[in-house]
Structures are given as C-alpha cells and as structure tokens.
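Please read the structure below before turning to the comments.
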Amino acid sequence: MDDPQHRWHDMGGEAAGPVPMDGHDFAIWEKRVDALVILGQQRGHFTVDGLRRALEDMGEQAFESMTYYERWVAALNQNLIEAGVYTLEELGTKMEEIKARGDTYGAVQS
C-alpha cells in the first residue's frame, strides 16, 4: 500500500480474500493469553489502545511470521514491561526456568 496516510497493517478496502467462517478449538495457551490480557486491562496495567499500539508497532514481518496469539503474547509482554510489572531481565529469567522444565512439563499423563 503506497498511501502515506495508512500504515502497513491498515487493510481497509483492500482485497484480502475470503474470510474463513469455521471455528477452531483454542489451545490452552491461547485461552490463557486471552485471560491474561483481560486481567492486565482490569488491573489497569494497560488499555486496549496500548495493546493495539504494541501490536501495530511490531511491523509487517511479525504479522507475516507470527500467529494471532503469538502477537498477543508479545504485545501483552511489551505492555506489562512498560507498566513496570516486571523487567525484560525478569521475563528472560522466568522463560529459562520454564524451558529447563522440559518439553513434557504439564503434559497429561495417560
């Protein structure tokens, strides 16, 4: 899009193909992301505008390579870091702790 008044993510009026109307079953992590966004907003850590700003500032590559909920996780983290809920270093430390648990941590045992 070459219109200087529109950002790359603004597709209003552009042909985007058919919209799939079939639903899908959400993964548990997607449901948790949705819950965290609601809680973060309710506790006043960010607004829907702040979340949208973080999503739009990710750039076109993020929208091409990340899923919907992957982008929401990134925007959620950006807003919580900006609000001082935790630091980037604290997030990195926690992610390493979780990674060390292994791929089967939390898996349902049969």
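Residue 562 in this note's numbering sits at position 19 of the sequence shown, and the numbers go up by one each step. Glycine included, every Cβ here is placed at the ideal spot set by N, Cα and C. In this text the structure is predicted, and so the values were computed from the model without any measurement.
{"Query": "What's the C-alpha gap between glycine 635 and proline 561?", "Result": "39 Å"}
{"Query": "Can you give me the C-alpha to C-alpha distance between glutamate 607 and arginine 614, rounded to a whole angstrom?", "Result": "10 Å"}
{"Query": "Roughly how many angstroms lie between the CA atoms of arginine 644 and glutamine 621, to the nearest whole one?", "Result": "25 Å"}
{"Query": "Answer yes if the region 566-575 comes into contact with the region 588-602, meaning at least three C-beta pairs across the two stretches below 8 Å, and no otherwise.", "Result": "no"}
{"Query": "Less than 8 Å between the CB atoms is what I'm expecting for alanine 617 and methionine 638, so what's the real figure, rounded?", "Result": "That belief does not hold up - the Cβ atoms of alanine 617 and methionine 638 are roughly 13 Å apart, past 8 Å."}
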